[in-house]
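In this note's numbering, the protein residues as written are 10 to 551.
Just below is one structure, and these are the notes that go with it.
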Amino acid sequence: MSDERPLFHGWRARAHFLTRDRLFLLRTSAAIIALGMIAASAIIVSDRLQDQTADQHVVSPALSRLHGEFHQLRHEKEPQPRKLAAWLRRALAQSSKPVADGDAEAYHAFTSNGHLWGYDVSGLIHEHATSDAPAGLFLDYLAAALDHDEKALAGLRQRAAATPHEMLAAELLGSLLKRFGDNDAAMRAFFLEGLHFADASAAREEALRLAVTARDLDLLNEIAKHPGWIEDCHPLLQHHAGALIGDIWMQWGGLVRHRLSAIPYGTLALAFFAAALWYFILVQHSDRERWRWARPIVALMAGVCSVWPTLSILAYQEFVQGMTSNAPFPHDLIYYLVGVGLREEGCKLLLFALFLPWLLWRRQPGLALLTGAFVGLGFSLEENIGYYQDYGGTIAWTRFLSANFIHISLTGICGHSLYHMLRTRFARADEFLGTFALAIAAHGGYDWLATGALDDNGWLSVVVLVLTAARFIDLLAAETRPARLTISPRAVFTLGSAILIAVSFVLGAWNTRSMEGVALAGQECLSMVPIALLYWRKFENV
């Protein structure tokens with residue numbers, strides 16, 4: 010008989026041993042972080058070498074777009090007056106002269122040779138002017154914008170007010186008024202253009218943007234009466250408009266479309282990876298039973314869905330009640346307690362409540378704790394996507410340790426307390442109310458302290474996080490019987506953290522193309538080491 014063994018014989022025992030070996034975990038983590046630093050350094054060195062060999066006259070993306078659109082207009086077979094108007098507006102935005110001073114010298118040169126900013130603008134106007142949008146309209150626009158010609162401006166106003174309405178007159182007038190700082194009048198002019206011309210997509214979007222910025226509810230409601238107007242605008246504008254006029258489906262639909270169209274796949278993958286690490290750790294604390302890996306997905310998705318009612322409440326608090334984080338003390342603290350803590354913890358608990366009939370039937374306090382934790386994880390998953398979009402992936406490890414786990418902890422603790430209140434037929438109602446109030450205070454206080462509201466005492470937010478996390482992990486140890494799986498939770502946490510740190514270094518280098526970006530990412534990660542040590546110790550015996 011042959012003594013040959015399969016290639017992977019004994020791999021389970023080997024993995025079980027290695028993932029519980031401190032020295033192996035630390036060495037492997039250090040190697041992963043070192044590889045991340047090497048990759049970040051390579052990006053910076055490569056970028057500097059390219060800078061040394063590249064042409065020094067680098068064209069900005071805005072100017073490159075302007076140049077490309079000019080040539081597209083020159084090769085159009087049919088007149089495109091709306092595209093011409095959009096190009097002229099964009100060209101004016103690139104002017105280096107202050108708006109108040111204008112650029113009379115450039116305009117006078119244009120009147121003599123037809124060239125403006127190096128482009129044959131006179132020929133472009135001649136090519137794309139029509140009987141509905143005559144050349145004089147564009148010439149008045151340029152004269153009023155560059156030479157501050159009052160007669161030309163009066164001519165534009167007269168064209169915009171004419172009956173029947175002249176194509177592009179109100180749009181170009183709105184562009185001038187916005188350029189001169191009269192946003193309210195500009196908004197009305199853009200609205201007038203969009204009202205009378207269904208193809209005035211640029212004017213319609215600009216009118217909506219200005220109305221949202223000014224929070225002009227009357228105009229927003231008027232715009233909403235016209236089917237397709239808001240729906241054809243940018244998804245994020247739809248989201249804000251829906252929030253202001255109280256249309257929840259428009260608000261949610263706009264945000265969904267924005268997420269689907271604007272989120273880079275790398276950002277999405279990073280958010281799912283960070284959530285998957287906590288998902289793995291939490292599942293390991295559940296009982297060995299069928300579907301234990303798949304069942305929590307339902308609670309996770311409920312947590313994702315809890316973001317949407319939170320956004321509706323946010324819109325009501327900010328747009329109707331006027332609550333803002335920029336208010337002076339104590340109004341800023343009230344905003345974080347009532348505005349942030351109450352709405353987020355309340356919405357997560359509301360979605361958790363959907364699972365209570367099933368949990369009461371199962372009669373497992375640990376399962377209630379874990380279900381609440383998965384709801385909190387789903388909320389943080391959705392929230393992280395927005396944060397990565399706004400601040401970049403360099404904050405991935407920071408949020409993995411802080412925001413991710415504070416949502417997990419608070420929702421798990423509150424859900425566990427709510428379960429006990431119902432199991433005892435409200436005999437422990439006072440305990441639940443106290444727990445929920447403390448969760449709101451912890452959440453709001455953490456966010457308030459993290460903003461630096463107490464000058465240099467932002468470290469107090471770390472204290473809140475440590476106390477919350479410690480309470481949840483202790484409760485997890487008391488209420489669950491973690492399964493001794495092949496791969497330990499500590500290994501998942503440690504190696505996953507190393508990967509997130511390495512990614513932070515790489516993204517810091519990629520985004521800034523400098524060692525300063527890498528150093529900032531390193532400082533961000535270094536500040537979270539005490540929190541990481543807490544988790545490391547708490548997962549030691551699992």
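Backbone N, C-alpha and C define an ideal beta-carbon position, used for all residues, glycine too.
Bear in mind the structure is a predicted one, so any value in this text is a computation, not a measurement.
Taken through DSSP and simplified to helix, strand or coil, L177 comes out as coil. In this chain, the alpha helix (DSSP H) harbouring H117 covers 113-122. Fully enclosed beta strand (DSSP E) runs of no fewer than 3 residues are not present anywhere in the region 150-196. As the crow flies, the alpha-carbon of R299 is around 17 Å from that of R372. Per the Cβ contact rule, the region 443-458 is in contact with the region 419-428 (3 or more Cβ pairs under 8 Å). Per the coordinates, the alpha-carbon of Y544 lies some 11 Å from the alpha-carbon of V501.
By the neighbour-count definition (other C-beta atoms within 10 Å, threshold 16), R57 is an exposed residue. A straight line joining the alpha-carbon of L323 with that of H243 spans about 21 Å. Distances from the alpha-carbon of H117 to those of V515, H452, H157 put H157 closest. Ranking W370, P374, A152 by CA distance to the CA of L484 puts P374 first. Per the Cβ contact rule, the region 130-144 is in contact with the region 80-90 (3 or more Cβ pairs under 8 Å).
With respect to W468, I52 sits apart: the two C-beta atoms are not nearer than 8 Å. A residue is called buried once 16 or more other Cβ atoms fall within 10 Å of its Cβ, and W370, having fewer, is exposed. Taking 8 Å as the cut-off, the beta carbon of L279 is found no closer than this to the beta carbon of Y400. Contact check for L133 against R74 fails: the beta carbons are separated by 8 Å or more.
The C-beta separation of L146 from R168 comes to about 6 Å, placing the pair in contact by the 8 Å criterion. G331 counts as exposed, since fewer than 16 other C-beta atoms from the protein chains shown sit within 10 angstroms of its C-beta. With fewer than 16 other beta carbons inside 10 angstroms of its own, D193 counts as exposed. In this structure, the beta-carbon distance from A24 to I394 does not fall below 8 Å. If you look at F481, you'll find it in the alpha helix (DSSP H) that goes 469-488.
Counting along the chain, the unbroken alpha helix (DSSP H) around S131 starts and ends at 130-137. Residues G183, A212, E215, A216 of the same chain have their beta carbon placed closer than 6 Å to that of F199, with the five preceding and five following residues left out of the count. With contacts defined by Cβ atoms closer than 8 Å, L365 and V384 do not form a contacting pair.
If you draw a straight line from the Cα of E327 to the Cα of W238, it comes to about 25 Å. No residue range can be given for F328, since it is assigned to no alpha helix (DSSP H) and is classified by DSSP as neither H nor E.
A direct Cα-Cα distance of roughly 12 Å separates K160 from A154.
If you look at M310, you'll find it in the alpha helix (DSSP H) that goes 305-314. Rounded to whole angstroms, the gap between the alpha carbons of G505 and I290 is 11 Å.
Per DSSP, the continuous alpha helix (DSSP H) segment holding F79 begins and ends at 70-83. Taking a cut-off of 8 Å for Cβ pairs, the region 530-549 and the region 471-491 touch, as three or more such pairs fall below it.
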